[in-house]
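Colleague:
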Amino acid sequence: MPGCRRFGDRRLILIILLILVLALAVASTAPTHSFFSRTTTVSRNVISFGTWGPVPSVCKVCPCFGVSGICAWAVFLYGNNLCKVSSIKLVKGSTTVVAKKLWHIGDGVLYCVFDLRSVPGGSYDILAKTASGQDTVVYRGFQVIGCGGGWGADLAAAAQATTVAEDPLKFELAVRNDDPAYLVANVQGPLRSRFVSASLVANGTRFDGSVEVVTGSGCRVKFAREGIAPGVYDLLLNRGDESSLLLENSITAAPAPTGRPISLSGVSPNTGTEGLEVEFLVTGENLEGCGRVALVGGTTILEPKRTAGAQQNGLSCVFDLTGAPAGVYDLVVRGADGSQATLAGCFTVVQQPALVSPPPTPAPPVVPDDTPAVQPSPVPVPEPVIVSVTPDPCYSGTLVQFAVDGKGFRQDMKVKLAGGGRLMWPVGCRFASEARLECLFDLAGALPGAYQLVIVEPDGCDNPFVGAIEVIQAEARRAD
-10 MPGCRRFGDR
0 RLILIILLIL
10 VLALAVASTA
20 PTHSFFSRTT
30 TVSRNVISFG
40 TWGPVPSVCK
50 VCPCFGVSGI
60 CAWAVFLYGN
70 NLCKVSSIKL
80 VKGSTTVVAK
90 KLWHIGDGVL
100 YCVFDLRSVP
110 GGSYDILAKT
120 ASGQDTVVYR
130 GFQVIGCGGG
140 WGADLAAAAQ
150 ATTVAEDPLK
160 FELAVRNDDP
170 AYLVANVQGP
180 LRSRFVSASL
190 VANGTRFDGS
200 VEVVTGSGCR
210 VKFAREGIAP
220 GVYDLLLNRG
230 DESSLLLENS
240 ITAAPAPTGR
250 PISLSGVSPN
260 TGTEGLEVEF
270 LVTGENLEGC
280 GRVALVGGTT
290 ILEPKRTAGA
300 QQNGLSCVFD
310 LTGAPAGVYD
320 LVVRGADGSQ
330 ATLAGCFTVV
340 QQPALVSPPP
350 TPAPPVVPDD
360 TPAVQPSPVP
370 VPEPVIVSVT
380 PDPCYSGTLV
390 QFAVDGKGFR
400 QDMKVKLAGG
410 GRLMWPVGCR
420 FASEARLECL
430 FDLAGALPGA
440 YQLVIVEPDG
450 CDNPFVGAIE
460 VIQAEARRAD
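According to my numbering, the sequence shown is numbered sequentially starting from -10.
Have a look at this one:
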């Protein structure tokens, strides 16, 4: 019937379309190229799972071999869904070598580092482990060249290209960070073959550079600084046959220099008192982003308690001069890029001035008198009374000279400061008059709070009249 024929034709067309879709899918997942024409082809080594689903798959391994006895051998895996991989290992029989370093460079590239010391030669499978904990074979036929044999004739050309693999432990690097545009490193060591390019690898990022000079004793590599953050990187030297030499953690990239040297013009104020804090302003040029400030005098190096307000032409510093020897100091300022400037003899630390009491007034000469002495009536001695104490409040950690005003003061009286669970005696005390006493107290270690200034009678008893003062922290003084 015509209707049945039309239905059969449609079904036949659907079947043909389905066959075409499956054929295209198979063609798209099948590897069609080889990356080592002299060794082996991808189609024989790769275990492909296609691009459908989260299963990791590898279509290329570079290089496809390793050299036994090398402590750090770098391998790049290219494929799909590699961001799901948590570990990579080489497996041959009972021998398992787990990658000691694994970085993801995008979804399709894995950077692996293997320690091949004491690893026998032979053909290994590469297994990838995902977050689910399942190991999946993603590549077969990774050859380890070395003692023990078994690496096959298909890698003869690769073995010939790497005649004797370099030992990374025999190389030394000198890194130059003084160029604002390029990061340059001189590599010294026994090179066995010529390198054509270089790469920096760290934290899932890769930066390609150039090999500028190659000699039998080393080479010089150069990288554009754009995008390279400060930190430690692996250096990968690449040959033309896609084999490489890996130098782990060998490049330390410092911040790029600004190209503008630091210059210092002055310090204000330029003196400070031993035992006290001092805040001064450093003036000059290109001071923004300075990494370190220090006062240097002989063998003494004073670090700032804090620095603030770093601008292009000024830097504010606070130094604690407790224990600092008196003398002349140099100011040293170092930039983040390693540049340094010194202002010689710009700051002086002076000793704390001592409180000197005036000499006592000499007594008048005694004139003999034949007149019978008349016993005088005892004159009542007025009680000392404190009217005020200045300064109030005062600040902990400092030397404070108090002026005690009142009446009835005598030379044989003493003064003490009580409060905060402590009893402090003055460094010095001077009797100015019957209405004023002057005394110097060291408040180092005094806790904030209320204190009483007490007059001590000659017989050792405390006078009931006291003066109240408040001690506050030195930080509060700066906040005010």
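The C-beta atom is built at its ideal place from N, Cα and C for all residues, glycine as well.
It should be emphasised that the depicted structure is a prediction, and the values quoted were computed from it without experimental measurement.
My understanding is that Leu412 touches Lys403, with C-beta atoms under 8 Å, so please give their C-beta distance in whole angstroms.
Modeller: Actually they do not touch by this definition, with Cβ atoms about 12 Å apart.
Colleague: How would you write the range of the beta strand (DSSP E) that Cys428 sits in, first residue to last?
Modeller: 425 to 431
Colleague: Can you tell me the Cα-Cα spacing of Leu253 and Glu274, whole angstroms?
Modeller: 7 Å
Colleague: With Leu270 and Ser257 assumed to form a contact (beta carbons below 8 Å), what rounded beta-carbon distance in angstroms separates them?
Modeller: 5 Å
Colleague: Just to check my reading of the structure: Gly207 and Asn175 have Cβ atoms closer than 8 Å, yes? What is that Cβ distance to the nearest angstrom?
Modeller: That pair is a contact at about 7 Å.
Colleague: Taking Cβ to Cβ, would you say Asp223 is nearer than 8 Å to Ser239?
Modeller: yes
Colleague: Can you tell me whether DSSP reads Ile94 as helix, strand or coil?
Modeller: coil
Colleague: Beta-carbon separation of Val47 and Leu66 under 8 Å?
Modeller: Yes, these two residues count as a Cβ contact at 8 Å.
Colleague: Is it buried or exposed, Leu304, if we count other Cβ atoms within 10 angstroms and call 16 or more buried?
Modeller: buried
Colleague: Which word fits Lys89, buried or exposed, when buried means at least 16 other C-beta atoms lie within 10 angstroms of its C-beta?
Modeller: exposed
Colleague: Please name the residue in Asn227, Val356, Pro179, Ile458 whose C-alpha comes closest to that of Phe196.
Modeller: Asn227
Colleague: CB-CB under 7 Å to Ala439, same chain, minus the five flanking residues each way: which ones, in chain order?
Modeller: Gly408, Ala457, Glu459
Colleague: So for Leu105, helix, strand or coil by DSSP?
Modeller: coil
Colleague: Report yes if the C-beta distance between Val173 and Arg209 is below 8 Å; otherwise report no.
Modeller: Val173 is a Cβ neighbour of Arg209, given a cutoff of 8 Å.
Colleague: Would you identify the three-state DSSP class for Ile217, choosing helix, strand or coil?
Modeller: coil
Colleague: Does the distance from the C-beta atom of Ala61 to that of Asp104 stay below 8 Å?
Modeller: yes
Colleague: How many angstroms separate the CA atom of Gly130 from the CA atom of Val185?
Modeller: 27 Å
Colleague: Can you give me the C-alpha to C-alpha distance between Gly216 and Pro244, rounded to a whole angstrom?
Modeller: 11 Å
Colleague: In chain order, what residues of the same chain lie with their CB nearer than 6 Å to the CB of Leu436, ignoring the 5 residues before and after it?
Modeller: Gly409
Colleague: In the structure shown, what three-state DSSP assignment does Lys159 receive?
Modeller: helix
Colleague: On the CB-based measure, 16 or more other CB atoms within 10 Å of its CB, does Ser188 come out buried or exposed?
Modeller: In summary, Ser188 is buried, with 16 or more beta-carbon neighbours lying within 10 Å of its beta-carbon over all protein chains present.
Colleague: Taking just the CA atoms, how far does Ile2 sit from Gly139?
Modeller: Residue placement at Gly139 cannot be trusted, given a pLDDT of 41 that sits under 50; the coordinates are not used to answer.
Colleague: Measure the beta-carbon distance from Asp394 to Ala433 and round it to whole angstroms, keeping in mind my assumption that it falls under 8 Å.
Modeller: Not a contact, Cβ separation roughly 26 Å.
Colleague: Can you have a look at Thr28 and say buried or exposed, based on whether 16 or more other CB atoms are within 10 angstroms of its CB?
Modeller: In this predicted model, Thr28 has a pLDDT of only 30, less than 50, meaning its place in the structure is not dependable; the value taken from the coordinates is given anyway. Buried: at least 16 other Cβ atoms inside 10 Å.
Colleague: Whole angstroms are fine: how far does the CA of Leu9 sit from the CA of Ser83?
Modeller: 44 Å
Colleague: In terms of residues, what are the limits of the beta strand (DSSP E) holding Thr337?
Modeller: 329 to 339
Colleague: For Ser121, count neighbouring C-beta atoms within 10 Å of its own C-beta (all shown protein chains included) and say buried if the count is 16 or more, exposed if not.
Modeller: exposed
Colleague: Where does the unbroken beta strand (DSSP E) through Arg129 begin, and where does it stop?
Modeller: The continuous beta strand (DSSP E) containing Arg129 extends over residues 124 to 134.
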